[in-house]
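Residue numbers (this note's numbering): -19 to 12.
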């Protein structure tokens, strides 16, 4: 059970990190 929960959390962290990465790139492009 715990392993599955950790795996799901890992996936969410990767998804959120990916979105944040795209956002930072977009803002950098918009800035200049």
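All residues carry an ideal CB built from backbone N, CA and C; glycine is no exception.
>> In whole angstroms, give me the CA-to-CA distance for residue -9 and residue -1.
In response: The straight-line gap separating the alpha-carbon atoms of residue -9 and residue -1 is approximately 12 Å.
> Quick one: what's got a C-beta closer than 7 Å to residue -12's C-beta in the same chain, skipping five residues either side?
Replying inline: Take residue -12, set aside five residues on each side of it, and no residue of its chain has a beta-carbon closer than 7 Å to its own.
>> Please report the distance separating the alpha-carbon of residue -4 from that of residue 4.
In response: In this structure, the alpha-carbon of residue -4 lies about 12 Å from that of residue 4.
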